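Peer 1: In my numbering, the protein residues as written are 223 to 526.
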Ligand code: AMP
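#1: In terms of residue numbering, what span does the beta strand (DSSP E) encompassing residue 309 cover?
#2: Taking buried to mean at least 16 other C-beta atoms within 10 Å of its own C-beta, is residue 460 buried or exposed?
#3: Please tell me whether, using a cut-off of 7 Å, the distance from the CB of residue 230 to the nearest non-hydrogen atom of the ligand AMP is below it.
#4: Return yes when at least one heavy atom of the ligand AMP lies under 7 Å from the C-beta of residue 347, else no.
#5: Tell me the DSSP secondary structure of residue 317 in three-state form.
#6: Specify the secondary structure class of residue 363 as computed by DSSP and reduced to three states.
#7: Helix, strand or coil for residue 338, going by three-state DSSP, please let me know.
#8: Give a single yes or no on whether residue 273 has its beta carbon closer than 7 Å to a heavy atom of the ligand AMP.
#9: Under 6 Å Cβ to Cβ from residue 305, same chain only, skipping five residues before and after it: list those, please.
#10: For the stretch 254–282, which segments carrying the beta strand (DSSP E) assignment without a break, of at least 3 residues, lie completely within its bounds, in sequence order?
#11: If you measure between the beta carbons of residue 455 and residue 248, is that distance less than 8 Å?
#12: Starting from the Cα of residue 257, find the closest Cα among 277, 473, 343, 296 and give me that residue.
#13: Name, in chain order, the residues that DSSP records as bridge partners for residue 434.
#14: For residue 241, count neighbouring Cβ atoms within 10 angstroms of its own Cβ and tell me buried if that reaches 16, exposed if not.
#15: Classify residue 489: buried if its beta carbon has 16 or more other beta carbons within 10 angstroms, exposed otherwise.
#16: Tell me, to the nearest whole angstrom, how far the beta carbon of residue 365 is from that of residue 387; I am working on the premise that it is less than 8 Å.
#17: State the DSSP-derived secondary structure class of residue 429, mapped to helix, strand or coil.
#18: What are the residues that DSSP puts in a beta bridge with residue 326?
#19: Within the same chain, show all residues whose beta-carbon is closer than 6 Å to that of residue 350, passing over the 5 residues directly before and after it, in chain order.
#20: Taking the Cβ atom as the reference point for each residue, do residue 396 and residue 413 lie within a distance shorter than 8 Å?
#21: Excluding the 5 residues preceding and the 5 following residue 316 in the sequence, name in chain order all residues of the same chain whose CB lies nearer than 6 Å to its CB.
#22: Taking only beta-carbon atoms, is residue 251 less than 8 Å away from chain C?
#23: Would you decide whether residue 289 is buried or exposed? Buried here means 16 or more other CB atoms lie within 10 Å of its CB.
#24: Out of 296, 495, 406, 434, which one is the CA nearest neighbour of residue 445?
#25: Taking the straight line between their C-alpha atoms, what separation do you get for residue 372 and residue 463?
#26: Please name the residue, chosen from 398, 328, 520, that lies closest to residue 348 on a Cα-to-Cα basis.
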């Protein structure tokens with residue numbers, strides 16, 4: 223199976239109480255690919271940028287063996303740009319602007335040889351674009367999907383269609399409530415799983431994550447970090463770590479899904495420690511595994 227990542231690649235402007243950064247590498251597919259690259263190689267990215275996209279970002283992604291053969295570069299086009307400002311409570315974010323630019327006419331094409339037996343991660347983009355990818359798939363594929371409030375509110379029916387072809391949906395708690403119209407997360411999870419996904423992961427920010435499958439629940443702790451600089455891309459890094467680990471191990475047991483959730487949380491915790499993608503650029507397997515093991519200690523207790 224190949225690991226495909228579909229989504230935005232862009233340049234971000236981010237302001238947090240700790241500083242700001244301009245023209246920083248961003249985009250959901252960027253974070254997902256970089257995070258997954260520590261578990262499985264090559265990660266095949268499907269996306270689009272303009273010819274203003276800096277070469278240094280291309281080099282950095284390629285150094286991580288993210289395959290960019292299917293990253294379309296539009297001549298004379300402008301790369302997707304997004305600006306966000308975080309409040310003192312870093313869980314609260316205002317979008318300052320979203321300039322779709324070349325992304326406006328993005329028409330994702332899954333190359334012929336990748337249409338079968340692929341592990342496909344659909345980053346948070348318009349559900350109709352996610353559906354375009356799904357429609358090109360043939361036979362046995364495994365689809366992990368992300369989405370957001372905006373799409374739940376504005377393109378609900380398109381999203382429902384995507385969910386029917388989704389194996390794993392990864393969303394946060396407010397999105398789960400919005401999607402299911404249930405305040406209680408357990409009821410919300412049951413309602414969402416009825417929409418299609420066999421597995422559902424609900425991220426609860428600094429309170430961890432819940433994994434749901436047929437009558438079983440796994441509750442993952444959050445890693446206590448005292449130096450969160452930039453939460454941008456945390457959700458995408460989670461997705462990348464989760465998908466990369468699962469793809470590489472090839473083990474689809476529930477116990478292994480639990481480990482994948484912890485690897486996802488591990489990668490999200492590295493992401494937020496630095497601005498932009500910097501927290502994901504200089505990691506190694508040992509550091510990642512050490513933090514993974516710290517998660518185990520966080521919720522282990524004895525009982526005689
Ligand atoms: P997250 O913090 O997980 O929500 O992801 C943030 C990343 O998503 C940023 O790097 C943005 O460039 C990208 N992004 C923000 N809005 C959109 C959008 N409407 N479509 C695609 N990507 C987006």
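By construction, the Cβ of each residue, glycine as well, lies at the ideal position given by its N, Cα and C atoms.
All of these numbers come straight from a predicted model, not from anything done at the bench.
Peer 2: So, to answer that:
#1: Going by DSSP, residue 309 is part of no beta strand (DSSP E) at all; its letter is neither H nor E.
#2: By the 10 Å Cβ count, residue 460 comes out buried.
#3: Yes, the beta carbon of residue 230 sits closer than 7 Å to at least one heavy atom of the ligand AMP.
#4: Flag set: Cβ of residue 347 near the ligand AMP.
#5: Strand, per DSSP.
#6: DSSP places residue 363 in coil when its eight states are reduced to three.
#7: DSSP, read as helix, strand or coil, puts residue 338 in coil.
#8: Relative to the ligand AMP, even the nearest heavy atom lies 7 Å or more away from the CB of residue 273.
#9: 235, 318, 319.
#10: Correct list: 265–272.
#11: It is a contact, given that the beta carbons lie within the stated cut-off.
#12: By alpha-carbon distance to residue 257, the top candidate from 277, 473, 343, 296 is 343.
#13: DSSP links residue 434 through a beta bridge to 422, 439.
#14: Counting Cβ neighbours within 10 Å, residue 241 comes out exposed, since fewer than 16 surround it.
#15: So residue 489 ends up on the buried side.
#16: Taking the Cβ atoms as the reference, residue 365 lies roughly 6 Å from residue 387, within the contact range of under 8 Å.
#17: If DSSP states are grouped into helix, strand and coil, residue 429 belongs with the helices.
#18: In the DSSP output, where bridge partners are listed per residue, residue 326 has none listed.
#19: Cβ neighbours of residue 350 beyond the five flanking positions: 380.
#20: The Cβ atoms of residue 396 and residue 413 lie no closer than 8 Å to each other.
#21: 307, listed in sequence order.
#22: Checking the listed chains, one finds no chain C in this structure; it contains a single protein chain.
#23: Within a 10 Å sphere around the beta-carbon of residue 289 sit 16 or more other beta-carbons, which makes this residue buried.
#24: Nearest to residue 445 by C-alpha distance, out of 296, 495, 406, 434, is 495.
#25: So the alpha carbons of these two residues sit roughly 24 Å apart.
#26: Of 398, 328, 520, the residue nearest in Cα terms is 328.
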